[in-house]
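For the sequence shown, this note's numbering gives the first residue as 38, with consecutive numbering after it. One structure is given below, encoded as structure tokens.
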Amino acid sequence: MTRSGQGGWAFGAGLALAGAACLLTVWTTIVRDDGSGAAALMLILAAGVGSFAALFQPAGMARAMVGTAAMQAALGWLTATAPSTANLPGGPTKVLIFSGGFALLWLVSAAFFHVAGRRARG
């Protein structure tokens, strides 16, 4: 699952959590079908591109997941403040809670990658 020297269980946990966040993003995008799917799927693209750019090294993966969490939070804020969101049941509150939960998943994944990087260094 991990290349030698990359932090073992922590790297695997980071990958598992990032993968779960990706799958949940796809699933909730399909279930909601509210037209915001492209923006949500761009988060997965950001996580993937960041991971490849970091060559799947733990420190770079941690930064990529923090960046994805920031994008998730920005997307949530933009969606919550959109005029069309005010007309939905639960409106901005529901969007912010939903987006915050996903941002937390990305941040916990980043924390696991950070631990993996520290373990790999010594």
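By construction, the Cβ of each residue, glycine as well, lies at the ideal position given by its N, Cα and C atoms. Note that the structure is a prediction, hence the values are computed from the model and not measured.
Nearest-angstrom Cα separation, counted from residue j out to residue i
i, j, result
"R40", "I134", "With a pLDDT of 49 at R40, under the threshold of 50, the modelled position of that residue is not reliable, and no figure is offered here."
"M38", "F48", "Residue placement at M38 is poorly supported in this model, since its pLDDT is 43, which falls under 50; the coordinates still yield a value, given next. Distance between the alpha carbons of M38 and F48: 9 Å."
"G87", "F93", "9 Å"
"H151", "T62", "23 Å"
"A147", "A90", "15 Å"
"T66", "R156", "36 Å"
Cβ neighbour criterion (16 or more within 10 Å) applied to residue i
i, result
"T118", "exposed"
"A76", "exposed"
"P95", "buried"
"W143", "buried"
"L60", "exposed"
>> My parser needs the alpha helix (DSSP H) runs of 4 or more residues fully inside the segment 41-87; what are they?
In response: For the segment 41-87, whole alpha helix (DSSP H) runs of length 4 or above, ordered along the chain, are 46-69.
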